[in-house]
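Numbering-wise, numbering that gives the first Met the number 0 puts 254 at position 255 of the sequence shown, and it's gapless, one number per residue.
Just so it is clear, CB atoms sit at the ideal spot from N, CA and C, and this is done for glycine as well.
These numbers were taken from a predicted model, which means no experiment stands behind them.
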Amino acid sequence: MLLSTSIKLRRRAGAALITGLFAGAATYAGVSAAATLRIDASAATPAPAAAALRMGSAVAPNGDTLGVNARYLTRNGAPWLPVMGEFHYSRTPESQWLAELQKMKAAGIDIVASYVMWNHHEEVAGKFDWKNQRNLRRYVQLAAQAGLDVVVRVGPWAHAEVRYGGVPDWVVNSMPTRRNDAQYMALVEKLYREIGQQLKGQLWKDGGRVIGIQLENEYNLDGPGQGKAHIAALKQLALKAGLDVPYYTVTGWDGTIYPHGEVTPVFGGYPDEPWGTSTKELPPKETYAFRFDTRVSGDLGAQTAAHAPGSAETDKDVTPFLGAEYGAGLPFMYRRRTVVSADDIASMLPVQLGSGVNLMGYYMFHGGRNPTALGGTSMEESTLSGGYNDTTMISYDFQAPLGPDGQQRKVLEKLRPFHLFLHDFGSRLAPMTVRKPEVSPATPDDLQAPRFAVRSAGERGFLFVNNHVRQYDMAPQQASQFEIKLPGQTLTLPSKPVDIAQGAYFIWPLNLDLDGTNLSYATAQPLALLDQGRSGVLAVFSASAGVPVELALDGVTGQQVQAGGASVNVNTSNGRLLVSDIQPGSSVALSVQRQGARPLSIVVLTPEQAQQLSVVQLAGQRRLLLSAQQNYVADGALQLRSVGSNHFRFGVYPPLPKPPRTDAAASVLRAGGNDGLFQTFSAELPARSVTAEITPVREAQEAPPVVIGGAARAAIQPAPESFKAAAAWRISVPQEQLRGLDDALLQIDFVGDIGRLFAGTRMLDDWYYSGYPWQVSLRSPQTAATGPLTLAVLPLRADAPIYLPREARPDFGAASQIARLRGVSVLPVYRLRVTP
């Protein structure tokens, strides 16, 4: 299975040593010793105030309701903490939408969000195109079929690294934009009316799944006809177009300005700044430090400058803390090509949730490719068209958890355990408020102080810990215990100090109700709660890497529990049953038989198993699925995809009621007995060998010097004429080799500046060299070709003033430039359909 390249640059912390941070603690040589990490969470949790928000119709025809208060979202009156992921329909072929949406659902996404990019629909004035890849209505219908709610980001300015932020050329060239100009607003009204027609009958109030509308994006302009007046006018146009939905949002960062009560702000954060101009590693990002006083997470790349604190700051006590753009990856800009690891992304989740986020929204969750414009005009953001950034013409990969061709990256495996947690425990977390520790980092570059927070309500809560900062070594927190003061008790956990390694991050429960049994604490992260009716409840946890697993239970005696392994230690401590020395795995770690109650079983998976865990609706009920293969459910059948290997293996619990079957083309599905709880199966599809023939076409010529300029006054992408210096190769892949495969990914390993892949003169894809793998589907309608392909690589100059990850920086030796093709491979993608 293909995993994203993890390029980790490690720099020893340069922050000054800190001593006497907390009672009983000493810090030396970058390592803290014998630390008690304290948080006072004893203050009462006030009831959430009613949000003074004028939202739209929130009752569906079947009586289901959506709501919002000053702290969290609600669904049918209950707290709701969903996960939202961005996936742009117009950047993916229509034929792939349903499967990709189903993959997102399987990854734990509850809401799919997408921009409506105006210039993807009205390139020519008055001629709207809503067909095929631009069919918004069909996309929304398929999202509903996949079980996803939808937020539509209607612009008219989107950014999205698209030409003019999505505003058509003919509008930009002829009138003022992003303000209440009469001519401009008349055109926006037509756009919104068209969107309203596309979404007619698909809104929540009509029984559809469109629950939200975002107006504009990154808007901090103020002045006549701008600011609050403009956002208010856009909302009125949306309502006039019939866009009556439960939620209206605006982006809340970089000094955004909006009318109080008409919209709720959404926030974001990224682990680096590819829109920046530095050619070096950046200082530690605030994205990895808990926020206790502000919701705004540093520079998010807004292209207009704020002159004062925005509305989102003044509204933070009367609106919930919602996220929309926490980076599930990063784009490659020409001047700055940041590569992020799975841990760089996933470690942000405990931080954001521990800072109070009550909607975990990602940008992007699924990559894509820009559609071809009329007349061949490129649609990307570019300095050539006055943009602040230079992005690739076609590729919008974003290092997303799901690549442009639906391939699963390693980051998805690291994110999914948190999504499982939010699905089953998010309603408990949402009402809880943030509690600040006695000691926390004074600045994002303090790499010594421990990073942790608690969210709690009354006696119950969750502890959030992060000891990972991208490209920097955090001080290991040695011999650490947490002391959490709650209204009626003080919890000290674990029972003995533990080491929290550099790079660790996790969520631990405090007084978690497990079907009537109180789990005082666990040094393991909750994943799922499986209700099995009269058979009882199964609670699934994930061990935290490097930390011994310990469970503390209230109101339970040793006679009521049965440990799952001989090495497990059960004793009583401070009136609690303390279970320690648990070996993580797929077997039941602890069974609890309670008088007059259903049995409770607890499983603690290894971190590696947790990354392979999904919860799927299969054969009429929720089941645990354990598999290294990408998986999703379609038409009641389990779909397993494997990149590069024809071998499949999966485990399921509860066991399936009858032996499952596969497609006739597949080999026999073999039962593998039980792996702990899990009923296991394996299968093998006929192996396919796919090879690519490479033929040199032309050698590279001297590339022109990289120019400094543009709005950012930094390196700008070479002009089109510069590509006459590109080296070129012909790539031939016999089509008959692809028969019987779900897909085949062409993986191009080159060193240079920019790579471009052509079928004839039609560009299929392009790539900025960064060391991150470039893959292109050979079966997608966007990139499929019947004949040979041509790869062009523009040389990278040794003096190019761009940022590359240290590991990707080539050794030029005495050469002034480099354009090298190191290899081309084809990765077969196999798919196994399993019908229960």
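Neighbour-count burial assignment, residue i, 16 or more Cβ in a 10 Å radius
i: Ala24; result: Because Ala24 carries a pLDDT of 39, less than 50, the predicted location of this residue cannot be relied on, and no value is offered for it.
i: Leu8; result: For Leu8, the pLDDT reaches just 29, beneath the cut-off of 50, and the residue's location in the model is therefore unreliable, although a value from the coordinates is still provided. Exposed, since its Cβ has fewer than 16 Cβ neighbours within 10 Å.
i: Ala22; result: Model confidence at Ala22 stands at a pLDDT of 34, short of 50, so the residue's coordinates are unreliable and nothing is read from them.
i: Asn61; result: exposed
i: Gln182; result: exposed
i: Thr442; result: exposed
i: Ser31; result: With a pLDDT of 44 at Ser31, under the threshold of 50, the modelled position of this residue cannot be trusted, and the question is left open.
i: Glu607; result: exposed
i: Leu793; result: buried
i: Gln488; result: exposed
i: Ser296; result: buried
i: Lys413; result: buried
i: Gly613; result: Reading off the sequence, residue 613 comes out as Ser, not Gly. So Ser613 counts as buried.
i: Asn75; result: exposed
i: Arg697; result: exposed
i: Ser579; result: buried
i: Asn568; result: exposed
i: Ile817; result: buried
i: Val339; result: buried
i: Leu518; result: buried
i: Pro695; result: exposed
i: Arg821; result: exposed
Start-to-end residues for the beta strand (DSSP E) that takes in residue i
i: Lys495; result: Thr489 to Ile499
i: Ile506; result: Tyr504 to Leu513
i: Pro273; result: Note, Pro273: premise wrong, no beta strand (DSSP E); not H, not E.
i: Ala711; result: Where Ala711 is concerned, there is no enclosing beta strand (DSSP E), given that its DSSP letter is neither H nor E.
i: Ala59; result: Looking at the DSSP string, Ala59 is not in any beta strand (DSSP E), and its letter there is neither H nor E.
i: Ile38; result: Ala34 to Asp39
i: Val823; result: Arg819 to Thr834
i: Ala702; result: Counting along the chain, Ala702 falls outside any beta strand (DSSP E), and DSSP gives it neither H nor E.
i: Asp343; result: First-last for Asp343: Ala341 to Ala345, but that is the alpha helix (DSSP H), not the beta strand (DSSP E).
Beta-carbon spacing of residue i, residue j below 7 Å
i: Arg427; j: Val453; result: no
i: Ala287; j: Glu324; result: Note on residue identity: the sequence assigns Tyr, not Ala, to residue 287. No. Outside cutoff.
i: Ser455; j: Met431; result: yes
i: Val591; j: Leu604; result: no
i: Phe461; j: Ile506; result: yes
i: Leu492; j: Val642; result: no
i: Pro258; j: Lys284; result: no
i: Tyr246; j: Gly211; result: yes
i: Ser681; j: Pro703; result: no
i: Val828; j: Asp748; result: no
Candidates the options, of which the one nearest residue i by Cα
i: Ala713; options: Pro787, Asp389, Val111 and Trp156; result: Asp389
i: Leu356; options: Val468, Gln716 and Phe320; result: Going by the sequence as given, residue 356 is Val instead of Leu. Residue Phe320 is the option with its Cα nearest to Val356.
i: Ala185; options: Pro155, Glu160, Gly554 and Gly207; result: Pro155
i: Arg469; options: Ala345, Val567 and Thr391; result: Ala345
i: Val851; options: Ser566, Val555, Gln558 and Gly557; result: No information on residue 851 is available, as it lies outside the stretch 0 to 835 that the chain covers here.
i: Asn118; options: Glu93, Arg137 and Ala157; result: Ala157
i: Ser41; options: Leu202, Ile730 and Pro486; result: Pro486
i: Gly241; options: Leu202, Glu217 and Val265; result: Leu202
i: Thr556; options: Asn573, Gly564 and Ala544; result: Asn573
i: Ala783; options: Tyr771, Leu803 and Leu756; result: Leu756
i: Arg450; options: His467, Gly457, Arg459 and Glu458; result: His467
i: Asp168; options: Gln197, Val464, Ala682 and Ser377; result: Ser377
i: Thr91; options: Arg152, Ala814, Asn369 and Ala51; result: Asn369
i: Gln406; options: Arg796, Asn630 and Trp728; result: Asn630
i: Val464; options: Ser494, Asp444, Leu490 and Gln501; result: Gln501
i: Asp253; options: Val244, Asp243, Val265 and Gly260; result: Val265
i: Trp766; options: Ala758, Asp752, Gly545 and Leu777; result: Asp752
i: Thr857; options: Asp221, Ala726 and Val244; result: Because the chain spans 0 through 835 in this model, residue 857 falls outside it and cannot be assessed.
Within-7 Å CB hit, residue i to chain C
i: Pro273; result: No chain C is present in this structure, which holds just one protein chain.
Enclosing alpha helix (DSSP H) for residue i [first to last residue]
i: Thr313; result: Ser310 to Thr313
i: Phe417; result: Lys409 to Leu428
i: Gly226; result: Gly226 to Lys239
i: Met359; result: Met359 -> not in any alpha helix (DSSP H); beta strand (DSSP E) instead, spanning Met359 to Tyr362.
i: Val854; result: In the structure as shown, the chain begins at 0 and stops at 835. Residue 854 is therefore absent and cannot be evaluated.
Any non-hydrogen atom of the ligand SAM closer than 6 Å to residue i Cβ
i: Asn357; result: In terms of ligand content, the structure shown is empty, and the ligand SAM therefore cannot be addressed.
* **Sequence ranges, beta strand (DSSP E) only - wholly within the stretch 110-165, length at least 3** => 110-114 and 148-154
* Asked: Unbroken beta strand (DSSP E) runs of length 3 or more, entirely within the stretch 589-676: which are they?
  -> 599-604, 612-617, 620-625, 629-633, 636-642, 646-652 and 669-674
* Sequence ranges, alpha helix (DSSP H) only - wholly within the stretch 719-745, length at least 4 -> none
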